[in-house]
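Heads up, the thing below is written out as structure tokens.
Numbering (my numbering), first residue to last: 3 to 300.
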């Protein structure tokens, strides 16, 4: 069996206002990796001083998931409907659990003031069925919550879950791991074992997995026996995975094990039944015109 089961190349997607991301998950042939149901590579992009606020991600809703925002460079201001207001900077984590429903915005206020260089990853993890309607929450993590290590040309930081003998501070709802590795050319690193599904995403540089070269902007879903990767040049890599949760349905910013719940969430947003962030409530992203999922037959 090859070490790489599938390679996924990012697809460029516009978020409006000139901001593009590289969408990796979901993918037609691989909707999820463990509980990871969504994976976007933001930037790298240089934002000039006085960047128009139209680049911002205006208030919008989520259900049934946790969002994990992680930056290599830049700054983003988060505000949500439970009153959280928190800037995120490189090597920090904003962890927002939507549960039964939350709204939030992400604004580039530093860029508007003095300019910025933005580069990072936003991932979503689906929640187990029993937690899909949990109370929404938000936590910010830095320092000791995000353990770091350096060895043999590898500098790592654990973002979430357990791996490399370490545990990150964010509360997770299912078994998973998520880590950031910076590797010197020729350095090798373990791909954490003990998880049913795992993947490697190359943000910069290129790595070798078995006899396969994986270039920047590509995710390799690895086989159960794959254990190490080797950097062919200086590289930045995200390793992630965990236990699968079963089928999930997506519509816009909503994730659920139930199509009917997606329809209800869309109706609630369209009717204005989901509160906006108290500190950012003067505008919002409207529901798209995309067709709603078909209801579950009775």
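Just so you know, even glycine gets a beta-carbon here, dropped at the ideal spot from N, CA and C.
Looking from the CA of residue 21, the closest CA among 47, 234, 7 and 88 belongs to 47. When the Cα atoms are used, residue 247 and residue 130 turn out to be separated by approximately 6 Å. Rounded to whole angstroms, the Cβ separation of residue 65 and residue 33 is 18 Å, and the two are not in contact under 8 Å.
For residue 48, the three-state secondary structure derived from DSSP is strand. Excluding five sequence positions before and after residue 26, the CB atoms of its chain that fall closer than 6 Å to its own CB belong to 10, 12, 41 and 221, given in chain order. Under DSSP, residue 118 takes part in a beta bridge, and its partners are 49. Note on the region 81-147: whole alpha helix (DSSP H) runs with a minimum of 4 residues are 111-116, in chain order. The shortest C-alpha to C-alpha distance from residue 231 to any of 201, 245 and 257 is the one to 201. The C-alpha of residue 273 lies about 36 Å from the C-alpha of residue 161.
Taking 8 Å as the upper bound for CB-CB distance, residue 158 and residue 195 are not in contact here, some 16 Å apart. Annotation for residue 282: no alpha helix (DSSP H) segment contains it, and DSSP assigns it neither H nor E. Bounds of any alpha helix (DSSP H) do not take in residue 10; it lies within the beta strand (DSSP E) bounded by 6-11. Rounded to whole angstroms, the separation of the alpha carbons of residue 15 and residue 206 is 19 Å.
Per the DSSP secondary-structure output, residue 166 pairs with nothing in a beta bridge.
For residue 55, the secondary structure class from DSSP, reduced to helix, strand or coil, is helix.
Scanning 50, 70 and 218 for the CA closest to the CA of residue 174 turns up 70.
CA-CA distance, residue 187 to residue 74, rounds to 19 Å.
Looking at the DSSP output, residue 151 sits in a beta bridge with 158. Apart from the 5 residues on each side of it in sequence, residue 183 sits with its Cβ closer than 7 Å to the Cβ of 156, 158, 191, 239 and 241 in its chain, given in chain order. The region 145-155 makes no contact with the region 118-127: fewer than 3 CB pairs, one atom from each, lie closer than 8 Å. The criterion of a C-beta distance shorter than 8 Å is not satisfied by residue 261 and residue 293. Beta-carbon to beta-carbon, residue 87 and residue 281 are separated by about 6 Å, close enough to satisfy the 8 Å threshold. Closest by C-alpha distance to residue 91, out of 54, 68, 76 and 233, is 76. In the DSSP assignment, residue 41 forms a beta bridge with 27 and 125. As the crow flies, the alpha-carbon of residue 58 is around 17 Å from that of residue 96. Per DSSP, the continuous alpha helix (DSSP H) segment holding residue 265 begins and ends at 261-272. For residue 237, the enclosing beta strand (DSSP E) stretches over residues 237-244.
Contact check for residue 124 and residue 44: beta-carbon distance about 6 Å, within the 8 Å limit, so the pair qualifies. Taking 8 Å as the upper bound for CB-CB distance, residue 24 and residue 219 are in contact here, some 6 Å apart. As DSSP reads the structure, residue 290 sits in no beta bridge. Excluding five sequence positions before and after residue 171, the CB atoms of its chain that fall closer than 6 Å to its own CB belong to 143 and 147, given in chain order.
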